[in-house]
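>
Protein chains in written order, with my numbering: chain U, 62 to 306; chain E, 69 to 145.
Rendered as structure tokens:
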């Protein structure tokens, strides 16, 4: 089950904890992977760890020109892009009343607009191949909201509406578009929280623990697999019961 | 029939799965040949590749029939 042999996957934000876990999961199922991110050193490290079938493609998602050429570069490196995982994301948290236009725009540009551009960029190849998988990494806060994250939550909720619209357009071509919405996951970002903050968060999580990046990787692997061909326009929440939606 | 018209017809027949004799000068991709809006985008993509031309979106919108396509491509290539 979940064999991706012969498939090629482009993963953005692969230098991060969740992105790395997604890349490992897809690669472990036999896919060739293109690892994209702004920091090349951790990408090279991950590529070395994976061994064969791994390409590193640097890309700054806040630069429109770099985003436009990323699908082409990935297709050149791997021969095609059968699977796209839009995982990269940034936060610029601030209370709403203090949030600057710049903080708003940066987050929308990187999280939402680059996702749109990358989806558009890979569609031609997927349409011709009559097969494709797009998995956009949203967030639980896109569904629930979160104080201090008006920009981030908007970008993540925007991804969901965008994904559903695209899913409806391309379903007849065997291309599925879905979202995975992680809850609190152990990453470098959440490592910065102190024990008290973590304990407070965990009171909201019925599972009583943080999620692991591997658990997001497994969810993406399922949605990327041939077995998930009838699942499209869905949001798979992976949050330990924090929000049951 | 010109070489261009033959090549366009071949693409239309293959892509839309219709009989070649249905693809007449005035045959509308959507009304007569059963294409949906996504099919028309794909046809334009296929024309671009076959003939090595760029068909901008506003021009693509004017290509409604087989005859339109042949005329546009003849001019562009």
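Virtual Cβ for every residue (Gly too), placed ideally from N, Cα, C.
Does residue 111 (chain E) come within less than 8 Å of chain U when only Cβ atoms are used?
No, its Cβ sits nowhere closer than 8 Å to a Cβ of chain U.
> In terms of residues, what are the limits of the beta strand (DSSP E) holding residue 197 (chain U)?
Element bounds for residue 197 (chain U): 193-198.
> Taking the alpha-carbon of residue 195 (chain U) as reference, which of U:181, U:247, U:98, U:250 has the nearest alpha-carbon?
For residue 195 (chain U), the nearest C-alpha among the options comes from U:181.
> What residues from the region 185-207 of chain U come within 7 Å of chain E, judged by C-beta to C-beta, listed N to C?
Against chain E - using a Cβ distance shorter than 7 Å - the residues of the region 185-207 of chain U are 185, 188.
> Contact criterion: CB-CB distance below 8 Å. Does residue 84 (chain E) meet it with respect to chain U?
It does not; no Cβ of chain U falls within 8 Å.
> Extract the residue ranges of the alpha helix (DSSP H) inside the region 65-144 of chain U, only unbroken runs of 4 or more that lie entirely within it.
Entirely contained in the region 65-144 of chain U, the alpha helix (DSSP H) runs reaching 4 residues are, in chain order, 78-89, 101-111, 125-139.
> Based on DSSP bridge pairs, tell me the residues matched to residue 258 (chain U).
The partner list for residue 258 (chain U) (beta bridge, DSSP) is empty, contrary to what the question assumes.
> Span of the beta strand (DSSP E) holding residue 101 (chain E)?
Here residue 101 (chain E) belongs to no beta strand (DSSP E), and DSSP marks it neither H nor E.
> So, residue 76 (chain E) versus residue 144 (chain E), is the Cβ gap smaller than 8 Å?
No, these two residues do not count as a Cβ contact at 8 Å.
> Rounded to whole angstroms, what's the CA-CA distance from residue 305 (chain U) to residue 299 (chain U)? Just pull it up for me.
Going from the Cα of residue 305 (chain U) to the Cα of residue 299 (chain U) covers about 10 Å.
> Would the region 213-231 of chain U and the region 243-254 of chain U be scored as touching if the rule is three or more Cβ pairs under 8 Å?
Verdict: no, contact absent.
> Is the CB of residue 101 (chain E) under 8 Å away from at least one CB in chain U?
Chain U contact via Cβ: absent.
> Looking at the secondary structure, which residues open and close the beta strand (DSSP E) in which residue 121 (chain E) lies?
Premise fails: residue 121 (chain E) is in no beta strand (DSSP E) and is neither H nor E.
> Would you give the residue range spanned by the alpha helix (DSSP H) that residue 237 (chain U) belongs to?
Not the alpha helix (DSSP H): residue 237 (chain U) falls in the beta strand (DSSP E), residues 236-243.
> Using three-state DSSP, classify residue 224 (chain U) as helix, strand or coil.
Helix, per DSSP.
> Can you find the residues in the same chain that come closer than 7 Å, C-beta to C-beta, to residue 118 (chain E), ignoring five residues on each side of it along the sequence?
Hits under 7 Å: 75, 79.
> Can you give me the C-alpha to C-alpha distance between residue 121 (chain U) and residue 97 (chain U), rounded to a whole angstrom?
Using only the alpha carbons, I get a separation of about 9 Å.
> Of the residues that make up the region 230-242 of chain U, which ones have a beta carbon closer than 8 Å to any beta carbon in chain E?
Per Cβ criterion, the list reads 230, 231, 233, 234.
> Could you work out which residue in E:82, E:98, E:112, E:106 is closest to residue 128 (chain E) when comparing CA atoms only?
Looking at the Cα atoms, E:112 is the closest of the given residues.
> So, is residue 217 (chain U) buried or exposed, given that buried needs 16 or more other C-beta atoms within 10 angstroms?
Classification of residue 217 (chain U): buried, given that the 10 Å Cβ count is 16 or more.
> Just to confirm my understanding: we take residue 114 (chain E), look at its own chain, exclude 5 residues before and 5 after, and list those with CB closer than 7 Å. What are they?
Contacts found: 79, 83.
> From which residue to which residue does the alpha helix (DSSP H) around residue 297 (chain U) run?
It is not in any alpha helix (DSSP H) - residue 297 (chain U) instead sits in the beta strand (DSSP E) that spans 296-299.
> Closer than 8 Å by C-beta to residue 138 (chain U): which residues in its own chain qualify, once you throw out the five before and the five after it? Chain order, please.
Once the five neighbours on either side are set aside, the close Cβ partners of residue 138 (chain U) are 95, 116, 118.
> What residues match up with residue 175 (chain U) in a beta bridge as DSSP calls it?
Residue 175 (chain U) pairs with nothing; no bridge assigned.
> Express the C-alpha separation of residue 96 (chain E) and residue 165 (chain U) in angstroms, rounding to a whole number.
Each residue's Cα considered, the two are about 46 Å apart.
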